[in-house]
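This report refers to the structure that appears directly beneath it.
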Amino acid sequence: MAIVSREGVRYSDLSGNPVVKETRRVSREDIVVDKGGHRHFMLKEIMDQPQAMTAALKDRADFANGRPADVMQLERVVLIGCGTSLHAAQVGRHYIERLAGIPAEAESASEFRYRDPIIGPRTLVVSIGQSGETADTVAAMHLAREKGATLITICNAEESQAARVADGALYMHAGLEVGVASTKTFVASLTILQLLSVYLGQLRGKLDAETTRRLVDQMARGPGLIGEVLAEANLYSSLARRIGHYDNFLFLGRGANAAIASEGALKLKEISYIHAEGYPAGEMKHGPIALIDPEMCTVALAPRDDLRDKTLSNIKEVKARGGLVVAVLTKGDDEAASEVDFPLFIPQAPDLLMPLVTTVPLQLLSYYIALLRGCDVDQPRNLAKSVTVE
1 MAIVSREGVR YSDLSGNPVV KETRRVSRED IVVDKGGHRH FMLKEIMDQP QAMTAALKDR
61 ADFANGRPAD VMQLERVVLI GCGTSLHAAQ VGRHYIERLA GIPAEAESAS EFRYRDPIIG
121 PRTLVVSIGQ SGETADTVAA MHLAREKGAT LITICNAEES QAARVADGAL YMHAGLEVGV
181 ASTKTFVASL TILQLLSVYL GQLRGKLDAE TTRRLVDQMA RGPGLIGEVL AEANLYSSLA
241 RRIGHYDNFL FLGRGANAAI ASEGALKLKE ISYIHAEGYP AGEMKHGPIA LIDPEMCTVA
301 LAPRDDLRDK TLSNIKEVKA RGGLVVAVLT KGDDEAASEV DFPLFIPQAP DLLMPLVTTV
361 PLQLLSYYIA LLRGCDVDQP RNLAKSVTVE
């Protein structure tokens, strides 16, 4: 309880016993709400993503020595989150297994505690959430604590419930995010997951000093690559006018980009109220292909990586069935561009950064389609920024 009087403020527990509270200075960034000249907070926060990535890297990566800051050494990793944070966890699983060589799982926090998960002291549980107050995620963290797991949270709010429950917190430092649909905190989450994966890889000896140096240098390029995509934001406004009338969208991706496809579908349905599904591209032939017709718009993620040719094969299958295809492609990939109706080009990026770069076109496309349809992009119906009930 806080008892406010002319003399000041006193604190006590619910039995009336005095409680001593420490003063915490609130930075200007925590309280200033400004659209920065943009029409909506969501667009401002999309445009803020290069700075959000920089802030997430700051004081954690030593760009002189190529070493991220200290985190705990453990042998098994379980990543949990809800909504956009679940998609970040799914990308993080790829990072941890590839860079650290540790078995990793990603699971919805809302389902995690209902199956009696097998975790213990040798397990690192990483919770991800913008607010640190999501009821399902906090409840899953309590379960992990009861089972003896070590707990780290990635969140954007100091003093949050998640930060208090966890053994350690990795803060995004992304600044206030007003738009209900998460954008810059998603990019910040992926950045921190990269750093965590690289550091765990160092501790296990999977990554030598030279490889670590190279990976950290690649991360430093991230804000610039995202900025290149944002510089062409006007292209998405014109594309929205050509495809915004579709009522059904299918998002496809492979590898880590399968999670980005799901995130793209979530963004579109959140703010435009359009039915959209995200699928691993390899699963298309196991059911979703039955939906393909001229009334279905498919958005495919096919950047130039090891899985590009397989995704291009899926694109051809869609076109053969009369479907419209929008594709996120690497600049200069004329072969893939000739196979689709609307190519969206991104700069060539290292594999580690590809999920961050492919995210931005999907955010912009969702924003401009929702704008075209007259939707409230900052406060979509039936949604809340922080889901504090089950």
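End of the sequence shown sits at 390 in full-length UniProt numbering; the numbers just go up one at a time, nothing left out. Just so it is clear, CB atoms sit at the ideal spot from N, CA and C, and this is done for glycine as well.
- The closest CA to that of PRO117, considering only MET284, GLY148 and ARG93, is found on GLY148.
- Distances from the CA of HIS40 to each of THR388, CYS375 and LYS331 were compared; the closest alpha carbon is that of CYS375.
- Taking each of LEU356, PRO288, ARG6 and LEU383 in turn and checking the Cα distance to LYS184, the smallest one comes out for LEU356.
- In the structure shown, LEU151 falls within a strand segment according to DSSP collapsed to helix, strand and coil.
- Here ALA276 carries a strand assignment [DSSP, helix/strand/coil].
- Per DSSP, the continuous alpha helix (DSSP H) segment holding LEU365 begins and ends at 354-372.
- For GLU105, the enclosing beta strand (DSSP E) starts and ends at 104-108.
- Taking a contact as a CB-CB distance under 8 angstroms, the pair VAL78 and ILE96 does not count as one, their CB atoms being some 10 angstroms apart.
- Comparing alpha-carbon positions, the option among ARG145, GLY168, ALA174 and ASP167 lying closest to ASN156 turns out to be ALA174.
- Spatial neighbours of VAL165 in its own chain (CB-CB distance under 7 angstroms, excluding positions within 5 residues in sequence) are listed in chain order as VAL138, MET141, HIS142, ARG145 and LEU151.
- Judged by pairs of C-beta atoms under 8 angstroms, the segment 295-311 touches the segment 347-361, as three or more such pairs exist.
- For PRO223, there is no enclosing beta strand (DSSP E); the enclosing alpha helix (DSSP H) has its first and last residue at 209-230.
- The criterion of a C-beta distance shorter than 8 angstroms is satisfied by LEU193 and ALA88.
- VAL198 sits close to LEU207, with the two beta carbons spaced by under 8 angstroms.
- ILE289 places its beta carbon 8 angstroms or farther from that of PHE249.
- The Cβ atoms of VAL325 and THR298 lie closer than 8 angstroms to each other.
- Residue pairing by DSSP places ARG98 in no beta bridge whatsoever.
- Shortest Cα-Cα distance from ALA169 to any of PRO103, GLY132 and LEU14 involves GLY132.
- The C-alpha of LEU372 is placed about 27 angstroms away from the C-alpha of ASN257.
- Pairing LEU86 with TYR367 gives a Cβ-Cβ distance that is not under 8 angstroms.
- In the DSSP annotation of this structure, ILE289 is not part of any beta strand (DSSP E), being labelled neither H nor E.
- Sequence-distant Cβ neighbours of PRO223 in its own chain, meaning closer than 6 angstroms and more than five residues away, are PRO50, MET53 and THR54.
- With a 10 Å radius around the Cβ and a threshold of 16 neighbouring Cβ atoms, SER238 comes out exposed.
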